[in-house]
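Here is the structure we will look at.
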Amino acid sequence: MSSGNLLFTALSCVFFMALVGWISWLKTRGTADTKDGYFLAGRGLGATFIAGSLLLTNLSAEQLIGLNGSAYGYNMSSMGWEVTAAVATIAMALIFLPIYLAGAFTTLPQFLNDRFDPVVRRMSVVLFMLGYGLVTIPSVLYSGSVAVLLLFDMPTLTGLAYFPALVMTVIAIGVTGAVYAIFGGLRAVAISDTLNGVGLLIIGVLVPVFGLIALGGGSFGDGLTQITTQNPEKLNAIGAADDPTPFGTIFTGMIFANLFYWCTNQYVIQRTLGAQSLAEGQKGVLFSGFFKILVPFMMMIPGVIAFHLYGPGLGTIDEAYPRLIRDVLPVYLSGFFLAVLLGAVFSSFNSLLNSAATLFALDVYAPARGGEASDAELVRVAKIASLVIALFSFVVAPLLYFSPEGLWQIIRVFTGFYNIPTVVIVIVGLFTSRVPAMGAKLVIIFHVVTYGLIRFVFDDVITLHFIHLYAVLFWIEVGIMLACGWLRPRAEAWQFTRKEQVDMTPWRFAKPLAVTLFSCVVATYLLFSPLGLASIAGPGAVFGLLISALVIANLGVWGMAARRTA
């Protein structure tokens, strides 16, 4: 990149980022002074901001590189994590969100305190805080910074050695993200996420378009013909046992991993807890599910295009997307792309930071003060906690560079320490009334000890895929809780106490749209399968028959919905 192009990229990037910051500031002035205002955006988030924030909180620079690399090196099987997440958003919209909003909960541990006892609340806070503070936040900051370095070759552009360039990038991204989280609260995070999400969608469409034009020698149609007729196995999402994501895993542990992430993970669900009404929350969550359906097209097809452009000879699969960006993206879009990339990185960072501060202020500090802390005091404590956690992450994140193998192994498996017990406790807590707090405590202790032994001590003996392991542990832990409820039931059945602060009228189109969303999941898998594009002959009669059946079923569902609301 020439010095002139570099200057243009930098200036245009600063312009787009400043525009996002200015709009976010205009929309959040005077709204982050109270507890609900700071932690839940004043319970005033509409569907657009909820969907936009969920989209960008979930998607990161690491996924841009990783998913495209997986498609380049293997096939489309890794889309399982993205596409099947849409099913979890349906569960969130129709089952979990109505309960969360009816209870006016600010955090998940607050619900666990209401259902079980303060000890379960504290145990869950410890798991979340350790996961966020020690691993997730630093690793998001590190992986995002590495993505920026890889895509734009920052050491060469800045003249710095790799590690100093990494430290500079970590601090720059971290400070930008922290400003939103510390000073603007959840509303600033949601607004900036939505604006950057629009940019991500634009880039997500343009990159495969430019890639197909380059592949087709200037013809989009010729490029599309090449990827659908040559090496069609690259478009297969039905993963074999040796693929990154075996197809069978989407029916076992992936279900529970996605339920945890979309229905019980504080840093994801917090923007839904700030919905201005149940209807707006349901719209936002379901719309985000449709965005997940688009991920294979935006974040994996470019990897397939890179395979057809460069062949299998790249040094590593992670080089596929950066090289495609450098080769096909016009210079006039480079600054916009960099701004979107940075936005995706610090979106995940500031969302985690905001949620960690929320957990500390409301589930650690407030109970310690006996519930006597004022709104102003809680907001001040949250800002201080955000600053401390941010500074800590600035120190830890670059250190991942010196021991990548060991630390990345911990990062990869650490979520498994708290995702399954959390979703088990929440589900059993919601749908039973006699299971005691002892059951939740036993499950947390059992899971942490058992999972740690399996992953770090007996990993050579127990070779079951870690996603299948999630399912095995889930059912064992459900059994433990139900056994506790049978042997030592609560003296009094738990009763849910409604404290809703927003309109709880469900969105009338939530259920038919959920059916359509699920149909899109099925249709996407049919498209990227040997019945669809992953065949030399292309989609055949069976594919057409199945898609037609889905369309007819949806027309019937929407027809019945229209008659009921007429």
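When we follow the working numbering, the leftmost residue of the sequence shown carries the number 35, and every step to the right adds one.
A virtual CB, placed ideally from N, CA and C, is assigned to each residue, including glycine.
Since we're looking at a predicted model, the values are computed, not measured.
Identified DSSP bridge partners for residue i
i    : result
D537 : S311
L79  : A309
Closest residue to residue i among the options (Cα-Cα distance)
i    : options                : result
W509 : I335, L307, V201, G287 : G287
E411 : F394, L425, A424, I423 : F394
F426 : Y134, L164, V365       : L164
V241 : L89, G86, D361         : D361
I327 : Y106, S87, G114, Q264  : G114
Q144 : T539, R489, S253, F162 : F162
L507 : I479, L372, I418       : I479
L88  : C518, A378, Y106       : A378
W541 : A81, T497, V243, A44   : A81
F436 : G578, Y196, A373, G572 : Y196
T392 : V415, F383, L372, E406 : V415
S467 : T558, E526, F325       : E526
S173 : G238, A95, V239, S112  : A95
T279 : A212, I586, S104       : S104
A224 : M333, L589, V302       : V302
L131 : Q304, A400, A407, N384 : Q304
A557 : H342, V413, D493, V585 : V585
A274 : T599, N109, G100, G593 : N109
Cα-Cα separation, residue i to residue j
i    : j    : result
V591 : P546 : 6 Å
G440 : L521 : Note that G440 has pLDDT 44, beneath the 50 cutoff, so the model's placement of it is unreliable and no number is given.
L580 : F321 : 24 Å
F42  : T170 : 34 Å
C47  : L175 : 19 Å
V338 : F83  : 32 Å
L567 : D409 : 56 Å
A583 : L258 : 26 Å
M51  : L229 : 10 Å
L312 : V182 : 38 Å
P266 : I359 : 23 Å
L348 : L565 : 30 Å
L375 : E314 : 28 Å
Y355 : L98  : 8 Å
A138 : Y485 : 33 Å
T7   : P198 : There is no way to answer for residue 7, as the model of the chain reaches only from 35 to 600.
V576 : G450 : 39 Å
I423 : R403 : 21 Å
Q260 : C554 : 25 Å
V54  : F448 : 33 Å
A419 : D397 : 13 Å
M515 : S158 : 16 Å
L246 : A517 : 57 Å
L234 : V469 : 44 Å
N453 : Y295 : 8 Å
T531 : A44  : 53 Å
S111 : M188 : 31 Å
T456 : G251 : 51 Å
P523 : D148 : 17 Å
V462 : G513 : 10 Å
A271 : I284 : 11 Å
A309 : G78  : 6 Å
V232 : G369 : 15 Å
F254 : G211 : 37 Å
V180 : L433 : 12 Å
E406 : L487 : 42 Å
L101 : W528 : 44 Å
F244 : E353 : 18 Å
F383 : G208 : 7 Å
V413 : V213 : 15 Å
A340 : I236 : 19 Å
Chain C within 8 Å of residue i, Cβ atoms only
i    : result
L235 : Reference to chain C is not applicable here, since this structure consists of a single protein chain.
CB-CB length for residue i against residue j, believed under 8 Å
i    : j    : result
L90  : S389 : The Cβ separation is near 15 Å, so there is no contact.
V20  : V458 : What the structure shows of the chain is the stretch from 35 to 600, and residue 20 is not part of that stretch, so it cannot be assessed.
A119 : E534 : About 27 Å; that fails the 8 Å criterion.
R126 : V319 : Note that residue 126 is Met in the sequence shown here, rather than Arg. Right, the Cβ-Cβ distance comes to about 5 Å (below 8 Å), so this counts as a contact.
V121 : K475 : So it is not a contact: roughly 30 Å between Cβ atoms.
L386 : Y166 : 6 Å
Residue i CB to nearest heavy atom of the ligand GTP below 7 Å
i   : result
L53 : Among the components of this structure there are no ligands whatsoever, and the ligand GTP is therefore not found.
Handout entry: Runs of beta strand (DSSP E) wholly within the region 472-523 (minimum 3 residues, chain order)
Key = Note on the region 472-523: there is no whole beta strand (DSSP E) run with a minimum of 3 residues.
Practice task
Could you pull out every unbroken alpha helix (DSSP H) segment of at least 4 residues lying fully inside the region 146-210, listed in chain order?
Solution key: Runs of the alpha helix (DSSP H) lying entirely within the region 146-210, each at least 4 residues long, are 152-164, 171-186, 188-192 in chain order.
Exercise for the section: Pick out the complete beta strand (DSSP E) segments inside the region 303-366, 3 residues or longer, and give them in chain order. Expected result: Scanning the region 303-366 from its first residue to its last, no whole beta strand (DSSP E) run of 3-plus residues comes out.
Exercise for the section: Note down, one range per segment and in chain order, each alpha helix (DSSP H) of at least 4 residues found wholly within the region 81-118. Expected result: Listed in chain order, they are 81-92, 95-107, 114-117.
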